Amino acid sequence: MARHALDPTSEIYRLRHSLAHVLAQAVLEIRPNAKLGFGPPIEHGFYYDFDLEAPLTPEDFPDLEKRMRRIINSGQTFEREEVGAEEMSTRLEESRQSYKVEQVQDLAAQGEALTLYRNGPFWDLCEGPHVLNTKEIPGNCFALDTLAGAYWKGSEQNTMLQRVYGLAFESKLELRDFQEKRRLALERDHRKLNTQQHYFVIEEEVGKGLPLWMPNGTVIRDELEKLAKEWEFLGGYQRVATPHITKENLYHTSGHLPYYADSMFPPMEVDGEKLYLKPMNCPHHHMIYKAVPRSYRDLPVRFAEYGTCYRYEQSGELAGLLRVRALTMNDAHIYCTPEQVKEEFIRVMRLHIDYYNLFGLQNFWMRLSLAEEDTTKFVDDPEVWPQAEALVMEAMDEVEIPYEAVRGEAAFYGPKIDFQVSNVVGREETASTNQLDLVMAGRFELTYKGAVGQDHTPMIIHRAPLGTHERFCAFLIEHYGGAFPTWLAPVQVRIIPVAPTFSEYAHQLRGELHRDFLRIEVDDSHDSFGKKIRNGATAKIPNLLIVGGEEQSNQAVTWQRYGSKARETVAFTEFQSRILEENRNRADWRNV
RNA sequence: GCUGGCAUAGCUCAACUGGUAGAGCGGCUGAUUUGUAAUCAGCAGGUUACGGGUUCGAGUCCCCUUGCCAGCUCCA
139 MARHALDPTS
149 EIYRLRHSLA
159 HVLAQAVLEI
169 RPNAKLGFGP
179 PIEHGFYYDF
189 DLEAPLTPED
199 FPDLEKRMRR
209 IINSGQTFER
219 EEVGAEEMST
229 RLEESRQSYK
239 VEQVQDLAAQ
249 GEALTLYRNG
259 PFWDLCEGPH
269 VLNTKEIPGN
279 CFALDTLAGA
289 YWKGSEQNTM
299 LQRVYGLAFE
309 SKLELRDFQE
319 KRRLALERDH
329 RKLNTQQHYF
339 VIEEEVGKGL
349 PLWMPNGTVI
359 RDELEKLAKE
369 WEFLGGYQRV
379 ATPHITKENL
389 YHTSGHLPYY
399 ADSMFPPMEV
409 DGEKLYLKPM
419 NCPHHHMIYK
429 AVPRSYRDLP
439 VRFAEYGTCY
449 RYEQSGELAG
459 LLRVRALTMN
469 DAHIYCTPEQ
479 VKEEFIRVMR
489 LHIDYYNLFG
499 LQNFWMRLSL
509 AEEDTTKFVD
519 DPEVWPQAEA
529 LVMEAMDEVE
539 IPYEAVRGEA
549 AFYGPKIDFQ
559 VSNVVGREET
569 ASTNQLDLVM
579 AGRFELTYKG
589 AVGQDHTPMI
599 IHRAPLGTHE
609 RFCAFLIEHY
619 GGAFPTWLAP
629 VQVRIIPVAP
639 TFSEYAHQLR
649 GELHRDFLRI
659 EVDDSHDSFG
669 KKIRNGATAK
679 IPNLLIVGGE
689 EQSNQAVTWQ
699 RYGSKARETV
709 AFTEFQSRIL
719 EENRNRADWR
729 NV
């Protein structure tokens, strides 16, 4: 799957790139002292970073857009010019573009030939390409979108510039289309749906990033846990349970304190000891492994736990359920021999695929995160890394799922495979992470006895196919748009009597299905029948049962699915067996 | 954490350039007893996020705090 592959030779690339220059020109008209940062084309348009004495506000957009159109209509020609590094620096210094001067130094160090593009009064250090003339840009194909801060060269150490985002497409129609799609996608945002469905609540009194799970959200958590427990049981996992706080020393052993301390809550002091809230479950599982002598005959050992962890995320990174400070992971650690590790890794990959098929997720891809030379972020062991990376890549090839490799994003103890999904607004999220870890076993002195009695170090796989409850539930809410399949729905069946006379019959059915462990309710309100139908639909309940005189006399129900006008009247016992089977099979009624 | 924006009833939103806070939905009460997307009526809900300032007067202007949103950085 080609991702974010912006093709510099394409029409739209030149269009967006040129619009970035036009924007910069317009900004310089109203802010002559603005210093320019970067201004590239991006997925849905372009942006340009500015260092401004007074910040722009959204109120400036209409004026800027007007100026941009005027520039476009004036028919400026884009001219390319090759300029030596020294000459380029001089010219940029003359126009007091200090960021660009810095950029010239970086580029010159790499020995690149430098080019600039000039259109009208504006010129910019830039490698192009651009349209030939601004007249090629349809005046109504773009719109300034949002303002944001962005660090110069993307580093927190640098000054923050102001970034202006613009949308741009080849035609007005495509622009409108995108804006409409985005508006619709926003309707599926889990935070938006949450105001209607009440899955969770984050209260200021409790703390930011600390969600409280309401009954509806807890149903989804519980059902996911049931699923995981069943499949992990079948996969040969054993369940374990571990505490939320732990003595400091365990995290020195694991290496979390040097490498991960920024993401941990500060410790609490008790009886002269420091205790930390756990940011990960692995050290505890390693201790369980270590508590009993292990033989090669025992391996692989697979410990699974839905473990709750606490991570100190920076406040600005928190977002609904997608980024929180208290999270419960679908965690497990697999301890195995070098001979077993590839097979185990492949089984983990296959488990992912099974889950994703169950949820009907097609739009996902894998990202392989590898270490880089910067050893401050990674456990430094030159022998172990290439070995681990090669092993992972072999396994990935074997399951035949395409992946993209990224340097420098590994976990500090090993290469990482992330399953990336894209949420409804197109933002990429990591749904789950898996790691091959050739480091921890050594640090924890984990061993197993080999066939001839000598000690060996096991290999460890960290895996969390369902990620965390928080992120996965958020993702599922958006994926299903709040209309869950029967097995996940907070209310699975609602019975609507056409008149109060049939309420007793409705309750009789409710009692029976309740004993079958279905989440079921009767709409006893004083609303009109039409209103009850409407309420059932807006509540996105997957199954509505309508009962009246006809149904009662035949011991039947009229069954209607969410989002469908179709309905069928069936014997109650038939409904009962069909809905129970659907629930048991975790089938999605959209596919039935 | 950083940059910018936002904050009015449970939800969605009103209140012209400062002149004593309103509606719909939802909730409650009563009437209505309904066969596929809103039955009718009445009632109750707000120290306009918190604290301070300017003013005869602040939801509206200014400052602070908190929270939320977008993006950056970071990440499951």
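Mapping of the first sequence onto the working numbering: residues 139 to 730, in sequence order.
Glycine included, each C-beta is placed from N, C-alpha and C at the ideal position.
Keep in mind the model is a prediction, meaning the values are calculated, not measured.
* To do: Compute the beta-carbon to beta-carbon distance between Glu608 and Leu459, rounded to the nearest angstrom, for a pair I have assumed lies under 8 Å.
  => Residue mapping note: residue 608 aligns to position 470 of the first sequence, counting from 1. Residue mapping note: residue 459 aligns to position 321 of the first sequence, counting from 1. The Cβ separation is near 4 Å, so the contact holds.
* Asked: Where does the unbroken beta strand (DSSP E) through His471 begin, and where does it stop?
  -> Position 333 of the first sequence, counted from the first residue, corresponds to residue 471. Start and end: Ala464 to Cys474.
* Three-state secondary structure (DSSP) at Trp523? -> Mapped onto the first sequence, residue 523 falls at position 385. The answer is helix: DSSP assigns Trp523 an H, G or I state.
* To do: Take Ala470 as the anchor and find which of Gly347, Asn419 and Gln478 has the nearest alpha-carbon.
  => Indexing the first sequence from 1 puts residue 470 at position 332. With distances taken between Cα atoms, Ala470 lies closest to Asn419.
* To do: Taking only the alpha-carbon atoms, compute the straight-line gap between Ala677 and Gln334 and give it to the nearest angstrom.
  => Stepping through the first sequence from its first residue, residue 677 is reached at position 539. Stepping through the first sequence from its first residue, residue 334 is reached at position 196. Rounded to whole angstroms, Ala677 and Gln334 show a C-alpha spacing of 8 Å.
* Residue from Arg648, Pro179, Asn729 and Ala709 whose Cα sits closest to the Cα of Ser702 -> Along the first sequence, read from residue 1 onward, the residue named residue 702 stands at position 564. Measuring from the Cα of Ser702, the nearest candidate turns out to be Asn729.
* Can you tell me the Cα-Cα spacing of Pro596 and Pro476, whole angstroms? -> Reading the first sequence from its first residue, position 458 is the one you call residue 596. Reading the first sequence from its first residue, position 338 is the one you call residue 476. Between Pro596 and Pro476, the C-alpha separation is close to 7 Å.
* Asked: In three-state DSSP terms, what is Val339?
  -> Translated into positions along the first sequence, residue 339 becomes position 201. Strand, per DSSP.
* Just reading off the beta strand (DSSP E) that Cys279 is part of, what are its end residues? -> As a working mapping, residue 279 is identified with position 141 in the first sequence. Per DSSP, Cys279 is not a residue of any beta strand (DSSP E), being assigned neither H nor E.
* **Own chain residues within Cβ distance below 6 Å of Arg207, not counting five before or after** => Locating residue 207 in the first sequence gives position 69, where the first residue counts as 1. Excluding its 5 nearest sequence neighbours in each direction, Arg207 has C-beta neighbours in its own chain below 6 Å: Gly277, listed in chain order.
* Asked: Helix or strand or just coil, what does DSSP make of Ser666?
  -> Taking the first sequence and counting its residues from 1, the one referred to as residue 666 is at position 528. In the structure shown, the three-state DSSP call for Ser666 is coil.
* To do: Report yes if the CB atom of Pro421 is closer than 8 Å to the CB atom of Thr391, and no otherwise.
  => Taking the first residue of the first sequence as position 1, residue 421 is located at position 283. Taking the first residue of the first sequence as position 1, residue 391 is located at position 253. Using a Cβ distance threshold of 8 Å, Pro421 and Thr391 count as a contacting pair.
* **Under the three-state DSSP convention, the category Phe613 falls into** => Indexing the first sequence from 1 puts residue 613 at position 475. It is helical.
* To do: Please report the residue range of the beta strand (DSSP E) in which Ser570 lies.
  => As a working note, residue 570 is residue 432 in the first sequence. From DSSP, the beta strand (DSSP E) with Ser570 extends over Glu566 to Asp575.
* Asked: Is it right to say Asp409 is buried, meaning 16 or more other beta carbons lie within 10 angstroms of its own, or is it exposed?
  -> Translated into the one-based positions of the first sequence, residue 409 becomes position 271. Around the beta carbon of Asp409, fewer than 16 other beta carbons lie within 10 angstroms, which makes this residue exposed.
* Answer with buried or exposed for His142, where buried requires no fewer than 16 other C-beta atoms within 10 angstroms of its C-beta. => For the purposes of this step, residue 142 is taken as the residue at position 4 of the first sequence. Residue confidence for His142 is low, a pLDDT of 45 falling below 50, so the modelled location carries little weight and cannot support an answer.
* Roughly how many whole angstroms lie between the Cα atoms of Val302 and Tyr185? -> For the purposes of this step, residue 302 is taken as the residue at position 164 of the first sequence. For the purposes of this step, residue 185 is taken as the residue at position 47 of the first sequence. Cα to Cα, the separation comes out at about 5 Å.
* **Residues bridged to Cys447 (per DSSP)** => Here the question's residue 447 lines up with position 309 in the first sequence. Beta-bridge pairing links Cys447 to Leu465.
* Asked: Considering only residues of the same chain and omitting the five flanking positions on each side of Glu218, which have a CB-CB separation below 7 Å?
  -> Your numbering for residue 218 matches position 80 in the first sequence. Contrary to the premise, residue 218 reads as Arg rather than Glu in this sequence. These residues qualify, in order along the chain: Thr253, Tyr255 and Gly266.
* **Range of the contiguous beta strand (DSSP E) that encloses Thr696** => For the purposes of this step, residue 696 is identified with residue 558 of the first sequence, where counting begins at 1. Where Thr696 is concerned, the enclosing beta strand (DSSP E) stretches over Ala694 to Arg699.
* Can you pull the DSSP bridge partners for Leu350? -> As a first step, residue 350 must be located in the first sequence, where it is residue number 212. In DSSP, Leu350 forms a bridge with Val339.
* Applying the criterion that 16 or more other CB atoms from any shown protein chain within 10 Å of the CB defines a buried residue, is Ala140 buried or exposed? -> Your numbering for residue 140 matches position 2 in the first sequence. Because the pLDDT at Ala140 is just 35, under 50, the model does not fix this residue reliably, and the value given afterwards should be weighed accordingly. An exposed status is given to Ala140, since fewer than 16 other beta-carbon atoms sit within 10 Å of its beta-carbon.
* Asked: Given 8 Å as the limit, is there contact between the stretch 606 to 622 and the stretch 441 to 460, that is, 3 or more CB pairs closer than that?
  -> Result yes; three or more Cβ-Cβ pairs closer than 8 Å.
* To do: Could you round the C-beta distance between Val530 and Leu506 to whole angstroms and report it? I think they count as a contact, below 8 Å.
  => On the first sequence, position 392 is the one that residue 530 refers to. On the first sequence, position 368 is the one that residue 506 refers to. Rounded, the Cβ-Cβ distance is 7 Å, consistent with contact.
* Using only alpha-carbon positions, find the residue among Gln376, Glu149, His382 and Tyr450 that is nearest to Gly347. => For the purposes of this step, residue 347 is taken as the residue at position 209 of the first sequence. If we check each option's Cα against that of Gly347, Tyr450 comes out closest.
* Where are the alpha helix (DSSP H) runs, 4 residues long or more, that stay fully inside the stretch 392 to 434, in chain order? -> For the stretch 392 to 434, whole alpha helix (DSSP H) runs of length 4 or above, ordered along the chain, are 394 to 398 and 420 to 428.
* In chain order, what residues of the same chain have a beta carbon less than 7 Å from the beta carbon of Tyr289, not counting five sequence neighbours either side? -> Residue mapping note: residue 289 aligns to position 151 of the first sequence, counting from 1. Excluding positions up to five away in sequence, the list reads Asn296 and Met298.
* Glu294 - containing alpha helix (DSSP H), residue span -> As a position in the first sequence, residue 294 is number 156, starting the count at 1. It is not in any alpha helix (DSSP H) - Glu294 carries neither H nor E in the DSSP assignment.
* Which residues share a DSSP beta bridge with Trp625? -> Indexing the first sequence from 1 puts residue 625 at position 487. The partner list for Trp625 (beta bridge, DSSP) is empty, contrary to what the question assumes.
* In three-state DSSP terms, what is Lys678? -> For the purposes of this step, residue 678 is taken as the residue at position 540 of the first sequence. Of the three classes helix, strand and coil, the one that applies to Lys678 here is coil, per DSSP.
* **Among Thr446, Arg463, Cys447 and Tyr444, the one whose alpha carbon lies nearest that of Ser453** => Taking the first sequence and counting its residues from 1, one reaches residue 453 at position 315. If we check each option's Cα against that of Ser453, Arg463 comes out closest.
* **Three-way DSSP call (helix, strand, coil) for Tyr596 in this model** => What you label residue 596 is simply residue 458 of the first sequence in a count that begins at 1. One detail in the question is off: residue 596 reads as Pro in this sequence, not Tyr. Secondary structure at Pro596: coil, using DSSP grouped into helix, strand and coil.
* Asked: What distance in whole Å lies between the Cβ atoms of Ala621 and Tyr541, which are believed to be in contact at a cut-off of 8 Å?
  -> On the first sequence, residue 541 is found 403 positions in, with the first residue counted as 1. On the first sequence, residue 621 is found 483 positions in, with the first residue counted as 1. Not confirmed; about 31 Å, so no contact.
* Asked: Is it right to say Pro623 is buried, meaning 16 or more other beta carbons lie within 10 angstroms of its own, or is it exposed?
  -> Taking the first sequence and counting its residues from 1, one reaches residue 623 at position 485. When all chains shown are included, Pro623 counts as buried.
* **Start and end residues, alpha helix (DSSP H) containing Glu318** => Taking the first residue of the first sequence as 1, we reach residue 318 at position 180. Lys310 to Glu325 is the extent of the alpha helix (DSSP H) around Glu318.
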